[in-house]
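Trainee: Handing you a structure now.
Protein chains in written order, with the numbering used here: chain A, 1 to 155; chain B, 156 to 548.
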């Protein structure tokens, strides 16, 4: 649910039902990462504008404020507040969620790969250990046989 | 800069220069964050009295003024994110791994989902036919509820309020014990549903039970045909019986999530800590080195022999550090004898935590292996995002 203004859509609050800190905090983090792609007309930047303003344009955030609150502990909802530098708040929130989703997808693939690699490595080590053990046992057996045969001879 | 009223003529050359000009190429401009800010950004400093710089700098524009982009975007995230599996326990139910290059906000979301939002099967209804033990019915039912069940919850459906318990949403176990110790291995799976007969009016029709299975679970779930569903562990104590005591009951397990009740939580615990970083600020030698090694209860430091009978302290096992801060306390927390002239105390250890390096541990209760649990948790967070996007569109 969105609570915003009819005339200016660059700020709005969103109520996410059946959500809590789990999603809201992650989304708030992602909203803070929202940046305008640094595209500006260089013809407009004259030679003598090499002050700090230059950098400010390089990484300019899309979001001026992002935060969330849980109105009451017994209510199952969170309010997410988004204020932007001009883009519609709804779109910015959607982009943040999209970004978070893609990040999760990446986390999953990296994690799955790491676990399967670890398991393969473990299996290889176990097999090696087994081999070693067997070799040792055989060695022992050989020695025992040798000893036994010597016993017979001595008899 | 131009002052007001003064008009500057911008030539083509100037424009070309401006196009190619990048302030960061200028030799006088230092690149990147100054070291002290970098330290604040990436480390928690554990000082003698309290930790400082604990929060992560989440605002992407925080370091605009020094020309540093503090944002986390998919591209740089993908480049930096790493997972190192440290250990999988012998029974495969405990997993330790390092998650590097992720913010606490997201790591914490995974942890919270693992604890509270992943579904499992747990006993929700216990029908007690006979209980002459000293364990009261309600206490017994509560103990039964906490028994973890080794059944993949993905195969089952949620039982909603108006649903009849059927073979798709309920697992039925019976327990009939007279012996001294009642263990979970005595729970017997009933693939055909409840045995207990509800009171029925006429004797001609099939007697009604507390479940309405249309067929055996052995048929509907081929994976259970040869290996019956059991509790995760056979040796969990449910009750102790005296001579003549008897327990006869039937327990119905349904699907649920940890938010509703902790019995549905698929993990005993899931937690993370930030990687400790122990740094010697200077050479710690001889007697000082020995004192330092002795002061640390986790044996983080080692002594290195430098020859000529000289010794030096080294940081050997920083991962073991629990940040007890004994090494940064005045005189390593030792009492200094009065009368002996006090040497001025110089702190020679810096304790830190790496903000984006998490040592994550998942201890599964046995229904699913921990690596599957983690992937499921990430999927759930994905679903949540998707739902928000769908709602906003």
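Idealized CB from N, CA, C, for every residue including glycine.
(1) So the alpha helix (DSSP H) residue 300(B) belongs to, where does it begin and stop?
(2) Verify whether the separation of the beta carbon atoms of residue 300(B) and residue 418(B) is less than 9 angstroms.
(3) Closest to residue 527(B) by C-alpha separation, out of 111(A), 90(A), 84(A), would be which residue?
(4) Using the rule of at least 16 other Cβ atoms within 10 Å of the residue's Cβ for burial, across every protein chain shown, is residue 183(B) buried or exposed?
(5) From residue 258(B) to residue 428(B), what does the alpha carbon distance come to, in whole angstroms?
(6) From the beta carbon of residue 101(A), is the nearest beta carbon of chain B less than 9 angstroms away?
(7) List the endpoints of the continuous beta strand (DSSP E) containing residue 228(B).
(8) Are the C-beta of residue 273(B) and some C-beta of chain A separated by less than 9 angstroms?
(9) Run down chain B in chain order and give the residues with a C-beta less than 9 angstroms from the C-beta of residue 145(A).
(10) What is the rounded straight-line gap between the Cα of residue 225(B) and the Cα of residue 433(B)?
(11) Excluding five sequence neighbours on each side, which residues of the same chain lie with their C-beta closer than 7 angstroms to the C-beta of residue 227(B)?
(12) Once DSSP output is grouped into helix, strand and coil, what is the label at residue 400(B)?
(13) Out of curiosity, what's the CA-to-CA distance linking residue 424(B) and residue 73(A)?
(14) Mind checking who residue 171(B) pairs with in its DSSP beta bridge?
(15) How about residue 465(B) and residue 440(B): are their beta carbons less than 9 angstroms apart?
(16) Using a Cβ cut-off of 7 angstroms, which residues of the region 203 to 224 of chain B contact any Cβ in chain A, in chain order?
(17) I'd like to check one pair, residue 108(A) with residue 11(A): are the Cβ atoms closer than 9 angstroms?
(18) For a contact defined as C-beta to C-beta under 8 angstroms, what are the partners of residue 539(B) on chain A?
(19) Taking the straight line between their C-alpha atoms, what separation do you get for residue 164(B) and residue 170(B)?
(20) Where does residue 463(B) fall in DSSP's three states?
(21) Kindly indicate which three-state DSSP category residue 289(B) falls into: helix, strand or coil?
(22) In whole angstroms, what separates the C-alpha of residue 135(A) from that of residue 142(A)?
(23) What are the complete alpha helix (DSSP H) segments, minimum 4 residues, inside the region 429 to 485 of chain B?
(24) Where does residue 419(B) sit, in a helix, a strand or coil, going by DSSP?
(25) By Cβ distance below 7 angstroms, which residues in the same chain neighbour residue 172(B) in space, the five residues on each side in sequence not counted?
(26) Against chain B, with Cβ distances strictly below 9 angstroms, would residue 29(A) count as a contact?
(27) For residue 372(B) versus residue 293(B), is the C-beta spacing smaller than 9 angstroms?
(28) I want to see whether chain A comes within less than 9 angstroms of residue 528(B), judged by CB atoms only; does it?
(29) Could you spell out where the beta strand (DSSP E) holding residue 368(B) opens and where it closes?
(30) Could you round the C-beta distance between residue 84(A) and residue 92(A) to whole angstroms and report it? I think they count as a contact, below 8 angstroms.
(31) When the Cα atoms are used, what is the spatial distance from residue 389(B) to residue 383(B)?
(32) Should residue 539(B) be labelled buried (16 or more other beta-carbon atoms within 10 Å of its own) or exposed?
(33) List the whole-angstrom C-beta distance separating residue 188(B) from residue 223(B), where the pair is believed to meet the contact cut-off of C-beta under 8 angstroms.
Mentor: Walking through what the data contain:
(1) Taken as a continuous stretch (DSSP letters only), the alpha helix (DSSP H) holding residue 300(B) covers 292 to 300.
(2) Contact: yes.
(3) Nearest Cα to residue 527(B) within the set 111(A), 90(A), 84(A): 111(A).
(4) It is exposed - the Cβ of residue 183(B) has fewer than 16 other Cβ atoms within 10 Å.
(5) Looking at the two C-alpha atoms, the distance is approximately 12 angstroms.
(6) Answer yes: the Cβ-Cβ gap between residue 101(A) and chain B drops below 9 angstroms somewhere.
(7) Where residue 228(B) is concerned, there is no enclosing beta strand (DSSP E), given that its DSSP letter is neither H nor E.
(8) No, because no Cβ of chain A sits closer than 9 angstroms to the Cβ of residue 273(B).
(9) Here the premise fails: no neighbours, minimum Cβ distance about 35 angstroms.
(10) When the Cα atoms are used, residue 225(B) and residue 433(B) turn out to be separated by approximately 26 angstroms.
(11) Within its own chain, the residues whose Cβ lies closer than 7 angstroms to the Cβ of residue 227(B), once the five positions on either side in sequence are excluded, are 258, listed in chain order.
(12) Here residue 400(B) sits in coil by DSSP.
(13) One Cα belongs to residue 424(B), the other to residue 73(A), and the distance between them is close to 23 angstroms.
(14) Note: residue 171(B) sits in no beta bridge, so no partner.
(15) Taking C-beta atoms as the reference points, residue 465(B) and residue 440(B) count as a pair closer than 9 angstroms.
(16) Those residues of the region 203 to 224 of chain B placed with their C-beta closer than 7 angstroms to a C-beta in chain A are 213, 214, 215, 216, 219, 220, 222, 224, ordered along the chain.
(17) In this structure, the beta-carbon distance from residue 11(A) to residue 108(A) does not fall below 9 angstroms.
(18) For residue 539(B), the residues of chain A that pass the 8 angstroms Cβ criterion are 19, 22, 23, in the order they occur in the chain.
(19) Whole-angstrom Cα-Cα distance: 11 angstroms.
(20) Secondary structure of residue 463(B) (DSSP, three-state): coil.
(21) Annotated three-state conformation of residue 289(B) is coil, per DSSP.
(22) Going from the Cα of residue 135(A) to the Cα of residue 142(A) covers about 11 angstroms.
(23) Whole alpha helix (DSSP H) segments, 4+ residues: 441 to 450.
(24) In the structure shown, residue 419(B) sits in a helix (DSSP, three-state: H, G or I).
(25) Excluding sequence neighbours, residue 172(B) sits near nothing in its chain.
(26) Judged by the 9 angstroms Cβ criterion, residue 29(A) is in contact with chain B.
(27) Cβ atoms of residue 372(B) and residue 293(B): not closer than 9 angstroms.
(28) Chain A, which has no Cβ nearer than 9 angstroms to the Cβ of residue 528(B), makes this no.
(29) Counting along the chain, residue 368(B) sits inside no beta strand (DSSP E), nor does DSSP assign it H or E at all.
(30) Contact between residue 84(A) and residue 92(A) is confirmed by a C-beta separation of about 5 angstroms, below the 8 angstroms threshold.
(31) Roughly 13 angstroms separates the two Cα atoms.
(32) Classification of residue 539(B): buried, given that the 10 Å Cβ count is 16 or more.
(33) In this structure residue 188(B) touches residue 223(B) by the C-beta definition: roughly 5 angstroms separates them, less than 8 angstroms.
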